[in-house]
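Residue numbers (full-length UniProt numbering): 1 to 363. As structure tokens, the structure follows; a few thoughts come after it.
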């Protein structure tokens, strides 16, 4: 585990929560799978939060159904890989990072999937200067994060799997089924040691772009991460993550008032679902995803405005200015939907008068 650096803009999970991981390991008396830093039960505590016998508080990294996290952790203790599936902003990458940090103490064995991801990104490449000078040799081999995870018995991560071309995706089949990576240029193979597994994430909005083959699907156990069930759950997530983000960026603003966060989350949930919280009014939905992650960004942006150009306390004026960019992605269609929401919903709420006026002023 690398030493945390306070000047780093965003620390890895194993750095930021090193004290929690150390405390969990010290109190963990349950059986651990080979090369796991913690037992599955302790990994679950790390994800969902709790209090240790010595009084150490473990913060909740995931707010949602416990059973989903139990399935995810249990899957990684088997020979099947884990696929986290969901709409944008449902904490797929966040959960993936924390699972790798808790199990392997290393969340950096990461591949970001894109349409341009090549086969050697998943398997291995070559140092062409050494290849030309010496010919194929282990020293000329450039290891991928997955290959390093196989050799070290760790968890590898692959983000946005369905954005990777289908023929490249299928490179994973041998790795996940045989736990082996052939290297024909060296007439050898690399076998995964105990502890190796893979966590992939996929966005349901990308379904139909590069669907997984049936052979590859069988190698994964899929866990679907839903949007937060209740308004209160989402408010808790946004409040905690926004405060952590503000502290990391050293934004000199007061912590956001709960009522202001609740207002932002309410707007997002109503526009995202196409109906008001009470179910009485049908709404048009904007083109954006309006995810929980975007709500966190809106709060962070609002706090920055309040700190640097306001009173230091979050106001409806700061929130209104930050909401526009999150909601209006299409300047024509989304702008009309937003104005309609303001007039049919926001204007009629007595305790939202200041918010309505602020939104009207910047819309």
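Ideal Cβ placement from N, Cα and C applies to all residues, glycine included. In this text the structure is predicted, and so the values were computed from the model without any measurement.
Per-residue burial, residue i [other beta carbons within 10 Å of its own, 16 or more giving buried]
i: residue 353; result: exposed
i: residue 340; result: exposed
i: residue 117; result: buried
i: residue 228; result: buried
i: residue 279; result: exposed
i: residue 196; result: buried
i: residue 217; result: exposed
i: residue 106; result: buried
i: residue 92; result: buried
i: residue 53; result: exposed
i: residue 39; result: buried
i: residue 32; result: buried
i: residue 258; result: exposed
i: residue 9; result: exposed
i: residue 318; result: buried
i: residue 295; result: buried
i: residue 139; result: exposed
i: residue 67; result: exposed
i: residue 235; result: buried
i: residue 73; result: buried
i: residue 241; result: buried
i: residue 159; result: buried
i: residue 51; result: exposed
Helix, strand or coil at residue i according to DSSP, with G and I counted as helix
i: residue 220; result: strand
i: residue 51; result: strand
i: residue 283; result: coil
i: residue 17; result: coil
i: residue 250; result: coil
i: residue 356; result: helix
i: residue 31; result: coil
i: residue 327; result: helix
i: residue 1; result: The predicted position of residue 1 is uncertain, since its pLDDT is 49 and thus under 50; no value can be drawn from it.
i: residue 65; result: coil
i: residue 56; result: coil
i: residue 75; result: helix
i: residue 256; result: coil
i: residue 183; result: strand
i: residue 123; result: coil
i: residue 300; result: helix
i: residue 365; result: Summary: the structure shown does not reach residue 365, with the chain confined to residues 1 through 363, and so no result is reported for it.
i: residue 205; result: helix
i: residue 198; result: strand
i: residue 44; result: helix
i: residue 362; result: helix
i: residue 192; result: coil
i: residue 118; result: coil
i: residue 263; result: helix
i: residue 151; result: helix
i: residue 82; result: strand
i: residue 334; result: helix
i: residue 26; result: helix
Contact belief for residue i with residue j at Cβ below 8 Å, rounded distance in angstroms
i: residue 115; j: residue 165; result: 7 Å
i: residue 367; j: residue 307; result: The chain is shown only over 1 to 363; residue 367 falls outside these bounds and no answer can be derived.
i: residue 256; j: residue 305; result: Not a contact, Cβ separation roughly 12 Å.
i: residue 212; j: residue 157; result: In fact, because the Cβ distance is near 17 Å, the residues do not count as touching under 8 Å.
i: residue 103; j: residue 37; result: 6 Å
Whether residue i touches residue j by CB criterion (8 Å)
i: residue 13; j: residue 97; result: yes
i: residue 95; j: residue 163; result: no
i: residue 344; j: residue 281; result: yes
i: residue 204; j: residue 87; result: yes
i: residue 215; j: residue 161; result: no
i: residue 298; j: residue 264; result: yes
i: residue 194; j: residue 135; result: no
i: residue 28; j: residue 18; result: no
i: residue 323; j: residue 253; result: no
i: residue 55; j: residue 291; result: no
i: residue 198; j: residue 81; result: yes
i: residue 362; j: residue 321; result: yes
i: residue 245; j: residue 310; result: no
i: residue 316; j: residue 268; result: no
i: residue 359; j: residue 336; result: no
i: residue 334; j: residue 286; result: yes
i: residue 288; j: residue 326; result: yes
Chain B within 8 Å of residue i, Cβ atoms only
i: residue 322; result: The structure shown has no chain B; it contains just one protein chain.
- Would you be able to state if there are at least three C-beta pairs under 8 Å between the stretch 267-274 and the stretch 214-223? Taking a cut-off of 8 Å on C-beta distances, the stretch 214-223 does not touch the stretch 267-274, as fewer than three cross pairs fall below it.
* Three CB pairs or more closer than 8 Å across the stretch 39-46 and the stretch 18-26 -> Touching, yes.
At least three beta-carbon pairs within less than 8 Å, the stretch 106-114 to the stretch 76-90
No: the two stretches stay apart, fewer than three of their Cβ pairs being nearer than 8 Å.
Closer than 8 Å is the cut-off here; do at least three beta carbon pairs connect the stretch 80-100 with the stretch 134-148? Flag = no, the stretch 80-100 and the stretch 134-148 do not touch.
- [ ] Examine the Cβ distances between the stretch 119-131 and the stretch 170-179 and report whether three or more of them are shorter than 8 Å.
- [x] At 8 Å Cβ cutoff, the stretches touch.
Open item on the list: Measuring CB atoms only, is the stretch 55-69 touching the stretch 131-141, in the sense that at least three cross pairs come out at less than 8 Å?
Closed with: Touching, no.
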